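Notes for the one structure printed next.
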Amino acid sequence: MMALREATQRLWPLLLVVNLCVLVFVLVVKMKFISYNISGLGSFEKRKEIQKIVKLHRPWILCVQETKLEIINDFLCSSLWGNQHYGFSYRSSVGASGGILTIWDSTGVDVIITRSLLMLLLFKAKW
């Protein structure tokens, strides 16, 4: 019993440091998720607005609602995201209404599934 108590007393500072390191890690590593209703992503000004937000906040996941775009391609997403490490999924607009775009940092987000349904874009991932 005495040996266990002595071992515990010797290990206590180490356990405290390990717990503090885990606590600091949890506090420092925060997922950044941005959701934004853009009310149309067709204009240059609105695209610049998204670029500024991405550059300033560096999100892991960006969801843009009301893109009002029927087609979204790699060129558009790379111009919005600003680097090569991204993935994206989108739901086309119907005429001039709707449209959803999700872009994520592919180095930190592992996408399991993405599905485009009527008026809905499902996105399941782990990080």
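The numbering of the sequence shown is this note's numbering, which starts it at 20 and goes up by one. Think of the CB as a built atom: it goes at the ideal place given N, C-alpha and C, for glycine as much as any other residue. If you're wondering where the values come from, they're calculated on a predicted model, not measured in any experiment.
Nearest neighbour of residue i, chosen from the options [CA to CA]
i	options	result
residue 147	56, 128, 89 and 99	Nothing about residue 147 can be reported from this structure: the residues present for the chain run from 20 to 146 only.
residue 58	127, 79 and 86	86
residue 100	137, 67, 84 and 142	67
residue 144	107, 55 and 137	107
residue 52	102, 118, 63 and 124	124
residue 61	136, 112, 138 and 146	112
Residue-chain proximity (residue i, chain C), Cβ-Cβ < 7 Å
i	result
residue 77	Considering every chain present, this structure includes no chain C. It has just one protein chain.
Strand pairing of residue i, partner residues [DSSP]
i	result
residue 139	136
residue 54	82
residue 67	None; residue 67 has no bridge partner.
Pair within 7 Å by beta-carbon distance, residue i and residue j
i	j	result
residue 105	residue 120	no
residue 147	residue 122	No information on residue 147 is available, as it lies outside the stretch 20 to 146 that the chain covers here.
Neighbourhood of residue i by C-beta distance below 7 Å, restricted to the same chain and skipping five residues each side
i	result
residue 41	Note on residue 41: pLDDT 40, under 50, position unreliable in the model; the coordinate value appears next. The answer is none, since no qualifying residue turns up.
residue 73	81, 99, 100 and 101
Own chain, CB closer than 6 Å to residue i, minus 5 neighbours either side, in chain order
i	result
residue 132	143
Residue i CB to nearest heavy atom of the ligand MN below 6 Å
i	result
residue 83	Judged by which ligands are present, the structure shown has none, so any question about the ligand MN falls away.
Taking only runs of the beta strand (DSSP E) that begin and end inside the stretch 87 to 132, which ones reach a length of at least 3 residues, in chain order?
Fully enclosed beta strand (DSSP E) runs of 3 or longer: 105 to 110 and 119 to 124.
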